[in-house]
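Residue numbers for the sequence shown follow the working numbering, beginning at -7 and rising by one.
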Amino acid sequence: MKLKSRHLLGLEGMAGDELKLILDTAESFREIIERPIKKVPTLRGMTVLNLFYEPSTRTRISFELAEKRLSADTINFSKSMSSVTKGETLKDTVQNIEALKINMIVIRHSSSGVPYYLTQCTDSNIINAGDGRHEHPTQALLDMFTIRRKYGRLDGLRVVLIGDIKHSRVVRSNIWGLKAMGASVAVCGPSTLLPYEVEKFGVDIYTDLDKAMDGADVVNIMRIQLERQQAGLFPSMREYTNLFGVTRDRLRLLNKNYTIMHPGPINRGVEVTSDVADSKSSVILEQVTNGQAVRMAILYLLSGKKREEGE
Ligand code: CP
């Protein structure tokens, strides 16, 4: 089986069998990153451009390492050190780099739709590493991979996405992916941080955190995205933390064997307390490790390359 598209722009509309293919493929790459020599020749001869127009720690490093472990050549574009500072457009930037013969582009951008735009003006495979509020598909895939590794399944699990739902691309990708895999999904946040027409997402909606957490298996906590907000969406950080912060006391509401997740970066003491973020039920650092395997799987599946014997 193959993925239907040669690009990964988002999880909306992706069928369960395609998601399963990605997660199953990531499982075999997860084994490779535990080996003493974490390198296979799968993408030898291919060149990947990491085009990050927005800051990133986890996604950028994870993609770069995934590319290197697959033996691809990598180019890391830094906006502040590029001719973008002299007024060069995104299209000119990409087409000039593509003239150097690259094969794939990993793009992060503050504007929704930029990955799709690149599919219209380049020949490379495009991978969305987060576009505005739209989607962050590899983050949701690594979240799903992490949950599936722990419980052996996604279907029937209750997953609650908590916090700044309105501005979160991670939430949108998680909703599409988890629903396609049969999970029961809920969102919870202040009404000012729920998106317009949130009902259309087909998930349960809460503005009361205790009710949302009651009976959940997984809580995935979102960061307050101050960089994408206008002022005044909630009265104060202190009030937000009182009403929507995930604290140790609230964990009693969850099902036994519950899991705490966060895509990072964490605002410690705001959306989650440190004792919860660092507790034994937290898989926050495992999410980061698993992200590398998921990104290796995506790069491999989109490249159309075959794996060699023994990889
Ligand atoms: N989760 C995530 O996208 O983190 P970065 O912004 O550090 O890449």
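Each residue gets a CB set at the ideal place from its N, CA and C atoms; glycine is no exception.
Everything numeric in this text was worked out from a predicted model, so none of it was measured.
- Query: Under the rule that 16 or more other beta-carbon atoms within 10 Å means buried, what is C113, buried or exposed?
  - Reply: The count along the sequence shown starts at 1 and reaches residue 113 at position 121. Exposed, by the Cβ-count rule.
- Item | Whether F55 touches N42 by CB criterion (7 Å) | Translated into the one-based positions of the sequence shown, residue 55 becomes position 63. Translated into the one-based positions of the sequence shown, residue 42 becomes position 50. The answer is yes: Cβ separation under 7 Å.
- Message: Closer than 8 Å is the cut-off here; do at least three beta carbon pairs connect the stretch 62 to 69 with the stretch 130 to 137?
- Response: Touching, no.
- List the endpoints of the continuous alpha helix (DSSP H) containing R141. Numbered from 1 along the sequence shown, position 149 holds the residue referred to as residue 141. Its alpha helix (DSSP H) spans residues P129 to Y143.
- Is there at least one non-hydrogen atom of the ligand GTP closer than 6 Å to the beta-carbon of T34? Questions concerning the ligand GTP fall outside what the structure shown contains, since the ligands it does hold are the ligand CP.
- So what does DSSP say about F226, is it helix, strand or coil? On the sequence shown, position 234 is the one that residue 226 refers to. Reduced to three states, the DSSP call for F226 is coil.
- Message: Can you confirm whether the stretch 253 to 267 touches the stretch 198 to 209 when touching is taken to mean that 3 or more C-beta pairs between the two stretches lie within less than 8 Å?
- Response: no
- Looking only at C-alpha atoms, which of R240, I118, K192 and A285 sits nearest to S266? Translated into the one-based positions of the sequence shown, residue 266 becomes position 274. Per the Cα distances, R240.
- Message: Is any non-hydrogen atom of the ligand CP found closer than 6 Å to the C-beta of L215, if you look at the structure I gave you?
- Response: Here residue 215 is taken as the residue at index 223 of the sequence shown, counted from 1. The sequence given here places Arg at residue 215; Leu does not occur at that position. Taking 6 Å as the cut-off, the C-beta of R215 does not count as close to any heavy atom of the ligand CP.
- Nearest-residue set for the ligand CP, Cβ under 7 Å from any heavy atom: P47, S48, T49, R50, T51, R52, G122, H128, Q131, V162, P255, G256 and P257
- Query: If you draw a straight line from the C-alpha of V262 to the C-alpha of I99, how long is it?
  - Reply: Here residue 262 is taken as the residue at index 270 of the sequence shown, counted from 1. Here residue 99 is taken as the residue at index 107 of the sequence shown, counted from 1. A direct Cα-Cα distance of roughly 29 Å separates V262 from I99.
- If you compare alpha carbons, which of I89, D123 and D16 is closest to V286? The residue labelled residue 286 in the question sits at position 294 within the sequence shown. Residue D16 is the option with its Cα nearest to V286.
- Going by beta carbon distance, what residues of the same chain come within less than 6 Å of K71, once the five residues before and after it are set aside? By 1-based counting over the sequence shown, the position of residue 71 is 79. The answer, listed in chain order, is Y45.
- Message: Run through the DSSP bridge pairs and tell me what M253 is partnered with.
- Response: One-based indexing of the sequence shown puts residue 253 at position 261. Paired residues: N212.
- Rounded to whole angstroms, how far is the Cβ of I213 from the Cβ of V238, which I believe are closer than 8 Å? Start at 1 with the first residue of the sequence shown, and residue 213 comes out as number 221. Start at 1 with the first residue of the sequence shown, and residue 238 comes out as number 246. Indeed they touch by this definition, with Cβ atoms about 5 Å apart.
- Query: How many Å lie between S176 and H128 at the Cα?
  - Reply: Locating residue 176 in the sequence shown gives position 184, counting from the first residue. Locating residue 128 in the sequence shown gives position 136, counting from the first residue. Approximately 20 Å, taken between the alpha carbons.
- Message: Quick check on the DSSP output: what are the complete beta strand (DSSP E) runs of length 3 or more inside the stretch 6 to 51, in order along the chain?
- Response: 39 to 44
- If you compare alpha carbons, which of C180, I67 and V211 is closest to N247? For the purposes of this step, residue 247 is taken as the residue at position 255 of the sequence shown. Ranking C180, I67 and V211 by Cα distance to N247 puts V211 first.
- Contacting residues, own chain, Cβ-Cβ under 7 Å from Y108 (five flanking each side not counted): Position 116 of the sequence shown, counted from the start, is the residue given in the question as residue 108. Same-chain partners within the cutoff: L1.
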